[in-house]
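All you need for this note's numbering is the position in the sequence shown, starting with 1, plus 197.
Everything on this sheet refers to the single structure shown next.
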Amino acid sequence: MQRISGGVTAAKGFCATGIAAGIKKSGRDMAMIYSETACRVAGTFTTNLVKAAPVKWDQCIVKGLPVAEQDGKVCACNDRTAHAVIVNSGVANACTGAEGYGYCRDTAAKAASLFGIRENQVLVASTGVIGQQVPIAKICAGIEAMKPLLSENAEGGTLAAEAIMTTDTVKKEIAVQLELGGKTVTVGGMCKGSGMIHPNMCTMLSFITTDANISQPLLQKALSTSVPDTYNMVSVDGDTSTNDTCLVLANGLAGNPEIAEENADYAAFLEALNEVNTHLAKKMAADGEGATAMFEVKVVGAESKEQAVTISKSVVSSSLVKAMIYGHDANCGRILCAMGYSGAQFDPEKVDVWFESAAGKLKIIENGVPTDYSEEKATEILSESAVTAIADIKMGDAKATAWGCDLTYDYVKINTDYRS
198 MQRISGGVTA AKGFCATGIA AGIKKSGRDM AMIYSETACR VAGTFTTNLV KAAPVKWDQC
258 IVKGLPVAEQ DGKVCACNDR TAHAVIVNSG VANACTGAEG YGYCRDTAAK AASLFGIREN
318 QVLVASTGVI GQQVPIAKIC AGIEAMKPLL SENAEGGTLA AEAIMTTDTV KKEIAVQLEL
378 GGKTVTVGGM CKGSGMIHPN MCTMLSFITT DANISQPLLQ KALSTSVPDT YNMVSVDGDT
438 STNDTCLVLA NGLAGNPEIA EENADYAAFL EALNEVNTHL AKKMAADGEG ATAMFEVKVV
498 GAESKEQAVT ISKSVVSSSL VKAMIYGHDA NCGRILCAMG YSGAQFDPEK VDVWFESAAG
558 KLKIIENGVP TDYSEEKATE ILSESAVTAI ADIKMGDAKA TAWGCDLTYD YVKINTDYRS
């Protein structure tokens, strides 16, 4: 497997673009991904009981359920395939009732009429302010404007990645290639996410495209296997959103023998998908609202994966620990405190903790007690743009890694006037 340039248009047969449709006050705010060849589709979604209308629409497509009624008829023949993804930023279409769900149908109907596909082959996604209806006239006009602009080159993918941003400060995209069955297979992706991010998905939209030939059940299994170790290990502020969506589209144009069982090719594809999802997850953590540093927490020596996950999430989500990272202050007791209230059982008097960054590595706790470390060196390590805390609980061989960011004054500023 190797990293290549590009994003959602890197795989064969995919094109994309992004435009300014006038939904936000300024900048690009609509994106489209399209494959002329029907794609098998998989998805994972928010665990929040309050789900945005696009989440409900996409869940029906992924699960093979009827999506809506049109002229009194159910849109039937749902074979879990899709040709297009339509995304808007600026308005989340969440807490919008039947009217908001109807706008998902209207969005899909517009794209279906332009491309000659079924409504239930159009996935939709929204991000932005909760509780507002989307300006459907602008959405439909945007779809029409995007069709002739669709491009298979890298620029098309980049425009799409930029168009889905809200409070994000940088676009987030990646592509990798590998060989499966003697054929070159590409997996590319883009995401957005900066705030309202917490484990069990987050305020994120993630779109993965691949030309791999893989069955729909195994595509779904690969995604469901990857998400717990990638997107679900990110926390910026402890809020789980209403709109979290991760979609994978596979059009099979690489020509590899179909992956229909959990063999070596499946394992290789899963590894590539993990690479893409891990990269995007870390990009979101580093771009947390107001963040000055990405904060990584590794728990090693755990008795079980579940134990390691629980502890690492607790530490990366702690407001006190996040503030400590922002202040470059090695107040190491906060690490142990966050581990202790995680709910996982361990012996605090056997825990070792290190801080690590590009400036070096320093043990700050040994067997549950602070070491005689240099405060100056600790501050130097914590002053880097990426900081890692490593906790060894000395109970076994299991491990887990979580990602987050520091907590700054700017986070409060951004979320105080988000709508204005």
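For glycine and all other residues, C-beta sits at the position ideal for the given N, C-alpha and C.
Computed from a prediction, not measured in an experiment: that's the story for all the values here.
- With contact defined as three or more Cβ pairs closer than 8 Å, the region 463-476 and the region 224-236 are not in contact.
- If the five residues before and after M198 are omitted, its C-beta is found closer than 8 Å to the C-beta atoms of V373, Q374, L375, A465, E468, A469 and E472, all from its own chain and listed in chain order.
- Fewer than three pairs of CB atoms, one per stretch, sit closer than 8 Å, so the region 332-348 makes no contact with the region 417-434.
- Counting only runs of at least 3 residues, the region 555-592 fully encloses the following beta strand (DSSP E) elements, listed from N- to C-terminal order: 557-563 and 583-589.
- The bridge partners DSSP lists for Q330 come to none.
- Around the beta carbon of S223, fewer than 16 other beta carbons sit within 10 angstroms, so the residue counts as exposed.
- Taking 8 Å as the cut-off, the Cβ atoms of G240 and D226 do not count as close.
- Two segments are said to touch when three or more pairs of C-beta atoms, one from each, lie closer than 8 Å; by this definition the region 204-219 does not touch the region 307-317.
- Counting only runs of 3+ residues, the beta strand (DSSP E) found wholly inside the region 355-383 occupies 369-377, in chain order.
- Within 10 angstroms of the beta-carbon of A482 lie 16 or more other beta-carbons, which makes it buried.
- In the assembly as shown, K519 is a buried residue. Its beta-carbon has 16 or more other beta-carbons within 10 Å.
- In the DSSP annotation of this structure, the continuous segment of the alpha helix (DSSP H) that includes C257 starts and ends at A250 to K260.
- For the pair D607 and G487, the CB atoms are nearer than the 8 Å cut-off.
- Proximity to E563 across G540, A588, A575 and A541 peaks at A588, based on C-alpha coordinates.
- Looking from the CA of T278, the closest CA among V264, G287 and V259 belongs to V259.
- Counting C-beta pairs closer than 8 Å gives three or more between the region 243-251 and the region 291-301, which meets the contact rule.
- For G386, the secondary structure class from DSSP, reduced to helix, strand or coil, is strand.
- Within the region 483-538, the complete beta strand (DSSP E) runs of at least 3 residues fall at 491-499.
- Within the same chain, and ignoring the five residues on either side of C301 in sequence, the residues whose Cβ sits closer than 6 Å to its Cβ are A250, P251, W254 and V321.
- Taking every protein chain shown into account, the CB of T598 has 16 or more other CB atoms within 10 angstroms, so this residue is buried.
- For Q318, no pairing in a beta bridge is given by DSSP.
- In this structure L517 is exposed. Its beta-carbon is surrounded by fewer than 16 other beta-carbon atoms within 10 angstroms.
- Per DSSP, the continuous beta strand (DSSP E) segment holding T442 begins and ends at T442 to A447.
- Looking at L377, T576, K389 and K591, the one whose alpha-carbon comes closest to that of A461 is L377.
- A490 and R200 have their C-alpha atoms spaced approximately 24 Å apart.
- Taking the Cβ atoms as the reference, K389 lies roughly 6 Å from T324, within the contact range of under 8 Å.
- Contact annotation, M387 with S286: C-beta distance approximately 12 Å; criterion of less than 8 Å not satisfied.
- If you draw a straight line from the Cα of E359 to the Cα of G215, it comes to about 7 Å.
- Around the C-beta of Q504, 16 or more other C-beta atoms lie within 10 Å, and the residue is accordingly described as buried.
- Under DSSP, no beta-bridge partner is assigned to I340.
- Take the alpha-carbon of T605 and the one of K380: they are about 47 Å apart.
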